[in-house]
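Undergrad:
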Amino acid sequence: MLQVKLIVTGDDFGYCPRRNQGIVDCFLAGAVSNVSLLVNGSAAADAAELARRYNIPIGLHANLSEGSPVCEVLKKNSSLLNQDGFFHGKMGFRTALSKGLLNMSEVKQELKAQVELFHELTGHLPPHMDGHQHIHVLPEVRHVFAEVLEEYGIKYTRVPIEPGLQNCDWIPPSLMDFYLGVEEDSFNTVDVFTRHGIRWPDIYIGLSTMGKNMSVSNIWSAIDTAIVEFTSKAPWPAHSTPQSRTVTIELMVHPGYPSVPPVGGCGEGPDDFSQSWERLHELQTLIKPELQSHYKTRNIQLCSFKDL
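What the sequence shown shows, in our numbering, is residues 30 to 337, in sequence order.
Here you go:
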């Protein structure tokens with residue numbers, strides 16, 4: 030039987046106390062095996078303490094798009110800030126980047142400051158580091174991001190290329206356009222990350238199963254589709270068969286109890302997605318016993334990046 034190692038990463042740890050509690054509840058239920066910390070989140074210190082208390086594997090969710098920088102010198106008069114003194118936002122960051130308005134040395138400064146703050150909060154460097162709202166695979170940023178990972182010896186990241194994404198007809202066209210943009214950026218990032226010796230799991234899943242689109246059957250189907258596609262393409266070593274090979278998958282999830290304003294966020298208060306029922310829907314789906322039993326039946330072992 031093909032052995033599958035599945036990393037279920039709870040993103041946005043540190044966003045607010047209710048997000049933290051939801052992610053911890055998922056971890057204790059065996060539904061999340063890894064978390065990604067927003068160090069500029071309003072409850073980041075609390076999140077780091079919870080990770081320590083419950084021994085939760087934790088990495089860094091690098092954030093250049095939501096809230097405020099953690100680097101002191103960038104909190105005023107930085108190309109990373111809009112006129113209100115906050116990061117430009119998910120789409121605003123992409124617009125500013127495409128217009129050549131972002132200073133890459135400031136991007137590097139902020140990424141390094143976030144790694145340092147992560148170290149200060151947790152007592153160790155992140156075993157993996159990805160990007161909030163997928164900023165880490167954007168043009169120019171990808172090079173700086175790779176340099177920072179190599180500098181700190183951070184081995185693992187996320188490359189959001191999801192098999193079968195284009196066939197997911199339940200995703201609305203505007204969101205699909207964004208996802209396909211993320212996918213294209215990710216394809217263009219592979220060589221950059223490879224040159225810097227950075228690694229990532231064989232398979233990524235998470236765009237097609239976000240929020241209200243998450244269901245037990247959607248997760249099963251995304252995993253099955255991805256494994257079939259991967260095993261049909263993979264160049265297996267001469268001495269092994271696909272059945273004796275281990276495949277690694279990262280499933281990106283966003284569980285939590287909905288944020289209640291004004292508490293939460295990364296400096297500006299919580300956004301709409303964080304206040305919505307969709308976070309709770311993810312939490313309730315992930316802890317369903319039938320999902321857990323499916324993993325066991327299919328020889329899927331939950332693990333974290335440091336187990337790879």
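Yeah, the Cβ is synthetic: ideal placement off N, Cα and C, and Gly gets one too. Nothing here was measured: the structure is a model prediction, and the numbers come from that model.
1) Between residue 287 and the rest of its own chain, which residues show a CB-CB distance below 8 Å, the 5 nearest in sequence each way excluded?
2) In three-state DSSP terms, what is residue 112?
3) In this structure, how does DSSP classify residue 242 when only helix, strand and coil are distinguished?
4) Have a look at the DSSP bridge pairing and note the partners of residue 35.
5) On the three-pair Cβ rule with 8 Å, is the region 216–223 touching the region 251–259?
6) Give me the Cβ distance between residue 178 and residue 225, rounded to the nearest whole Å; I'm assuming they're in contact under 8 Å.
7) Keeping to the same chain, check which residues put their C-beta closer than 7 Å to that of residue 104; ignore five residues upstream and five downstream.
8) Do you know offhand how far residue 41's Cα is from residue 64's?
9) I need the DSSP call for residue 90, collapsed to helix, strand or coil.
10) For residue 187, does the three-state DSSP call read helix, strand or coil?
11) Write down the C-beta distance between residue 343 and residue 162 rounded to the nearest angstrom, noting that I regard them as a contact closer than 8 Å.
12) Taking residue 236 as the reference, which of 131, 289, 195 and 314 has the closest Cα?
13) Among residues of its own chain, excluding the 5 on either side of residue 176, which ones have a beta-carbon nearer than 8 Å to its beta-carbon?
14) Suppose contacts are defined by Cβ-Cβ distances below 9 Å. Is residue 50 in contact with residue 275 by that definition?
15) Is residue 248 helix, strand or coil by DSSP?
16) Enumerated in chain order, which unbroken segments of the beta strand (DSSP E) with a length of 3 residues or greater are wholly contained in the region 215–240?
17) Going by Cα to Cα distance, which pick from 324, 88 and 69 is closest to residue 115?
18) How would you write the range of the beta strand (DSSP E) that residue 127 sits in, first residue to last?
TA: From the atom records:
1) Listed in chain order, the non-local C-beta contacts of residue 287 below 8 Å within the same chain comprise 47, 303, 304, 305, 306, 308 and 309, local neighbours out to five positions each way being set aside.
2) Residue 112: coil per DSSP, three-state reduction.
3) Helix, per DSSP.
4) Partner residues in the beta bridge of residue 35, as assigned by DSSP, are 278 and 331.
5) Touching, no, given that fewer than three Cβ pairs across the two stretches are closer than 8 Å.
6) Contact annotation, residue 178 with residue 225: C-beta distance approximately 7 Å; criterion of less than 8 Å satisfied.
7) Within the same chain, residue 104 has close Cβ partners 97 and 98.
8) Taking the CA atoms as reference points, residue 41 sits about 8 Å from residue 64.
9) Correct three-state label for residue 90: strand.
10) In the three-state reduction of the DSSP assignment, residue 187 falls in the coil class, being assigned neither a helical nor a strand state.
11) The displayed coordinates of the chain run from 30 to 337. Any statement about residue 343 would go beyond what the structure contains.
12) Closest by alpha carbon: 195.
13) Counting only Cβ-Cβ distances below 8 Å, and skipping sequence neighbours, we find 137 and 225.
14) Contact: no.
15) In the structure shown, residue 248 sits in a helix (DSSP, three-state: H, G or I).
16) The region 215–240 contains these whole beta strand (DSSP E) runs: 232–234.
17) Nearest C-alpha to residue 115: 69.
18) Bounds of any beta strand (DSSP E) do not take in residue 127; it lies within the alpha helix (DSSP H) bounded by 119–127.
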